[in-house]
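As given, the protein sequences belong to chains A and B, one line each in that order. Counting from 1, position 231 in the first sequence corresponds to residue 227 in this note's numbering; the numbering is continuous, with no gaps. Position in the second sequence (from 1) plus 430 gives the number in this note's numbering. Reading through the C-alpha cells given below for one structure.
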Amino acid sequence: MINLLFDVIYYAALIVLISLVAALAVAPFESMGWWSGWWLRKDDPAAKSPPAPAEIESVHSAQAHAPPAAQPVDHYVVYLTGIGGSTAHLNIPYEKRLLVRLREQLPTACVIDTIYPYSAANRGLTKDRLFARFWRFILHEKLTGHDKLGFMINLHNLLQVLVCADNRYGPFFSQGAAHVIAQQLRQEKYDFTGRVPLTIIGYSGGGQIAVGAAPYLAEVLPAPVQVISLAGVLSSTPKINRIDQLVHIYSDKDTVQRLGMIFPGRWRIAFTSAWNQGRRSGRITSILLPGVKHDGAGSYLDEKSFLDDGRSYLDRTVDTIVEVIDTETPHIPDA
Amino acid sequence: MTELQQQLKDLIDAYGVAAIIISLSLTSLSVAVGQGLLLLANQVKASRFVFSLLASAVIFMASLGVWTAMIYLVAEYYFQLPLTLWQIFVIVVVSFSPLTQAYLGILPYFGSCIVRLLYLQSGLLLLLILGGIGFGWKGALWVLLGGLAVLVVARFTLLQPLYWLQNRIAGKQLRRRYQAIISDLRLDLPS
C-alpha cells in the first residue's frame, strides 16, 4: 500500500515536472514566432490594433480610458498589469481601483491600460488562441471566486516573464512589447517627436516587461522615459540604463518581488551588471513601502487596510506613484 | 591493449554501428533543436525552418568529425596508440552523448546554463576517456584545449562550405549568435 502511494506521488511529480518543462520550452515560441513573422506579423492588422474584448472581458473590463479633452495632455502613463492579468482589458478589481485613483490624481495625464503585457503582440489569453476556450474557462472560474485555478494564468505569465528576462529571447519579446506600447501611444495621439514625458508603470511581472520594453522606446523618443516598478520582479536587463529613470517600489513584507533576486545580475556581488551600474549612477532608485503584501488584502492596492496616519494602503501607493510622476526626471548622462 | 581499450572494443562489438549512429543522430538533432530558436531570431521562413534545422545538425556532426580527425592524428603520430579512426569516432560520440539533452537549451532563462553544463560534462568525459586510454591526463588536457582551438579555426575554414549551404537552405545569411542580432534591434515607431 505504501509502495503504491509512493508510486503515485512519484509519477504525479514526474508528470508535473515534465509538464512544466514542456510549458517552459513552448513559452518563447509566441514572441519568437511574432518576431520571425510566422504569426502575428508586424504588418498584421491584428497585431496593430488592440484585440476586441471577448464576451467575458466586456463584462469585467476596466472602465475605458479617456484622456482629458479640455486640456492638453502633459504626461502619458502606460500601465502594465500584474502577473494575474489575462486580457488587454483589466479585470482585476484591485488594479482597476488603482487606475481610477491615478486618473483622479493625474487629471491632465493620459493613462493607458489596454495592454496585455505577457504577449509580444498584445494578444490576450481568451481570444484568437488555440487554447482560448480553456483560458476563458479558467478566467471565468477565477472571476467567480475559484482562485486556485486562476493560478494557471499566473503560471503562464510567469513563464513569459522568464522569456522577457532571458538574454537570448528577451530583447525580441521586449521589441514586441515596446511596439505594442508605441501603437497604444499612437492611438492616444502621442507625439513621438515631442517632449511629453512617458511613464510606464509595471505591477509585479509587468515590471519586468516594462524594464524590457522601455529602453527601446527611450532610444527613439526625445521625451524622457521613466519606469515605475510597483513590486516588480525585475532582472538586470542589459539595456536597463537606456531608461531615463527606474523607480522600484517595494515592501519588506512582499516576498514575491524578492523573486527578482533569482537573477544574478541583481546581486550586489555582480558589480558590473547593468542593474548595479544603474544603482550607482542614480538611474535606478528604490522606495520602501513598509508592511504590505504583494497582492490581495493587506497589499499595496488594498483600500480597506489603513496606516497610522489614516491613509489606506492604496492611498499611500497612489501618493507615492503620483509623487514620482510629478517629480521631474533627473538627467543622468550615459556612462 | 589496455583494459579501457578492451572495454571500448567490447562496447563497440556489443552495440554495433547502429547504436553509435543512432546516438550521433539523436545528439545532433538535440543540439540543433536547442539552438532552433536562433533560426527564428534570424527570421527564417517557416517553409525553410526544418531543413535549416537539419543543416544545423549536420554542422554539429561535422564538428564531431573535426574532433575525431584531430584526436586520431595526435594518437597516431604523437602518442602512437593502436587506435583506429572508427574507435576514436566512437570515443568522440560517446563523450558528446550528454548533449542528447541539449534540446533543453531552448528553455528560457535556464536553457543557456543547462547547455553550458552539458558541454562541460562532455568535455570532462572526453578528458577522462582520453586520459584512460593512453593519452595521460596532461596529454588529454592538451588535446582538449587544442581541439577547441582547431574547432574555432575549422569554423572559418573547413566548415565554411556547410555554413554556406545552410545559408542557402535558410534563404539568407544567418547570424550564428543571438547577440549579433540583438545589437541591431531598433524600434520602428508606428506611422
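Where a beta carbon is used, it is the ideal one built from N, C-alpha and C, also for glycine.
Kindly list, in the order they appear in chain B, the residues whose Cβ is closer than 7 Å to that of residue i.
i: Val159(A); result: Pro538
i: Trp34(A); result: Ala476
i: Phe188(A); result: Leu619
i: Pro260(A); result: In chain order: nothing, as chain B lies at least about 10 Å away.
i: Trp263(A); result: Result: empty, since nearest Cβ-Cβ is about 15 Å, beyond 7 Å.
i: Gly228(A); result: Simply none; closest approach about 16 Å.
i: Arg182(A); result: Pro620
i: Asp162(A); result: Pro538 and Tyr539
Whose Cβ in chain B lies nearer than 9 Å to the Cβ of residue i?
i: Val320(A); result: Under the 9 Å cutoff, chain B gives no residues; its nearest Cβ is about 24 Å from Val320(A).
i: Gln179(A); result: Pro620
i: His294(A); result: Contrary to the premise, residue 294(A) reads as Gly rather than His in this sequence. The contacting residues do not exist; Gly294(A) stays about 30 Å from chain B at best.
i: Asp305(A); result: By Cβ distance, chain B contributes nothing, its closest Cβ being about 41 Å from Asp305(A), past 9 Å.
i: Arg119(A); result: Neighbours of Arg119(A) on chain B: none; closest Cβ ~17 Å, over 9 Å.
Taking only the alpha-carbon atoms, compute the straight-line gap between residue i and residue j and give it to the nearest angstrom.
i: Ile536(B); j: Arg605(B); result: 17 Å
i: Gln531(B); j: Ser460(B); result: 7 Å
i: Leu554(B); j: Gln510(B); result: 23 Å
i: Leu36(A); j: Gly569(B); result: 54 Å
i: Ser277(A); j: Leu242(A); result: 11 Å
i: Pro211(A); j: Arg279(A); result: 13 Å
i: Thr313(A); j: Pro103(A); result: 17 Å
i: Gly601(B); j: Gly33(A); result: 15 Å
i: Leu617(B); j: Val223(A); result: 18 Å
i: Val523(B); j: Tyr445(B); result: 13 Å
i: Arg129(A); j: Gly120(A); result: 12 Å
i: Leu588(B); j: Ile544(B); result: 28 Å
i: Lys235(A); j: Ser115(A); result: 20 Å
i: Val12(A); j: Ala19(A); result: 10 Å
i: Gly80(A); j: Gly292(A); result: 11 Å
i: Trp30(A); j: Ala117(A); result: 7 Å
i: Leu434(B); j: Leu558(B); result: 11 Å
i: Leu151(A); j: Pro260(A); result: 22 Å
i: Met257(A); j: Leu16(A); result: 21 Å
i: Asp614(B); j: Pro24(A); result: 20 Å
i: Asn472(B); j: Ala487(B); result: 17 Å
i: Asn(-1)(A); j: Tyr7(A); result: 12 Å
i: Arg254(A); j: Asn597(B); result: 44 Å
i: Ile328(A); j: Asp240(A); result: 7 Å
i: Cys350(A); j: Val520(B); result: Coverage of chain A is limited to positions -3 through 331, which leaves residue 350(A) absent and any answer about it impossible.
i: Gly306(A); j: Glu299(A); result: 11 Å
i: Tyr549(B); j: Pro528(B); result: 8 Å
i: Ala270(A); j: Trp516(B); result: 49 Å
i: Gly274(A); j: Glu184(A); result: 31 Å
i: Asp162(A); j: Ile283(A); result: 26 Å
For a contact defined as C-beta to C-beta under 7 Å, what are the partners of residue i on chain A?
i: Ile612(B); result: Pro167
Taking residue i as the query, report the chain B residues whose CB atoms sit under 8 Å from its CB, ordered along the chain.
i: Val216(A); result: Arg616, Leu617 and Leu619
i: Leu20(A); result: Leu537, Pro538 and Phe540
i: Trp31(A); result: Leu470, Ala471 and Gln473
i: Pro24(A); result: Leu467, Ile536 and Pro538
i: Met28(A); result: Leu467, Leu470 and Ala471
For residue i, is the beta carbon positioned less than 7 Å from some heavy atom of the ligand GTP?
i: Lys92(A); result: By its list of ligands, the structure shown contains no ligand whatsoever, and the ligand GTP lies outside what it can speak to.
List the whole-angstrom C-beta distance separating residue i from residue j, where the pair is believed to meet the contact cut-off of C-beta under 8 Å.
i: Ile612(B); j: Ser482(B); result: Actually they do not touch by this definition, with Cβ atoms about 20 Å apart.
i: Thr233(A); j: Gly198(A); result: Wrong, their Cβ atoms sit about 12 Å apart, outside the cutoff.
i: Val74(A); j: Ala105(A); result: At roughly 11 Å, the Cβ-Cβ gap does not stay under 8 Å, so Val74(A) and Ala105(A) are not in contact.
i: Ala227(A); j: Val252(A); result: 7 Å
i: Lys92(A); j: Leu86(A); result: 5 Å
i: Thr77(A); j: Gly202(A); result: 6 Å
i: Thr323(A); j: Leu285(A); result: 17 Å between Cβ atoms; not a contact.
i: Tyr296(A); j: Ser247(A); result: 7 Å
i: Leu158(A); j: Tyr539(B); result: 5 Å
i: Phe2(A); j: Leu619(B); result: With a Cβ gap of about 59 Å, Phe2(A) and Leu619(B) do not count as contacting.
i: Val69(A); j: Val192(A); result: 7 Å
Fully enclosed by the region 99 to 155 of chain A, which beta strand (DSSP E) runs are 3 residues long or longer? 105 to 108
For the region 164 to 176 of chain A, which residues have a beta carbon sitting closer than 7 Å to at least one beta carbon of chain B? Arg164, Tyr165, Pro167, Phe168, Gln171, Ala174 and His175
Whole beta strand (DSSP E) runs in the region 60 to 96 of chain A with 3 or more residues, listed along the chain? 71 to 76
Of the residues that make up the region 459 to 473 of chain B, which ones have a beta carbon closer than 7 Å to any beta carbon in chain A? Leu467, Leu470, Ala471 and Gln473
Given a limit of 9 Å on CB to CB distance, which residues of the region 590 to 612 of chain B reach chain A? Tyr608, Gln609, Ile611 and Ile612
Could you name the residues of the region 540 to 563 of chain B whose beta carbon sits closer than 9 Å to any beta carbon of chain A, in the order they occur along the chain? Phe540, Gly541 and Ser542
Any C-beta of chain B within less than 9 Å: which residues of the region 237 to 257 of chain A qualify? none
For the region 202 to 215 of chain A, which residues have a CB atom closer than 7 Å to at least one CB atom of chain B, in sequence order? Tyr212, Leu213 and Glu215
Would you mind listing the alpha helix (DSSP H) stretches within the region 533 to 597 of chain B that are 4+ residues and don't spill past its ends, in chain order? 541 to 560 and 566 to 586
Within the region 162 to 221 of chain A, ranges of the beta strand (DSSP E) (whole runs, at least 3 residues): 194 to 199
Quick check for students: name the residue ranges of the beta strand (DSSP E) that lie wholly in the region 222 to 303 of chain A, counting only runs of 3 or more. 241 to 246 and 280 to 284
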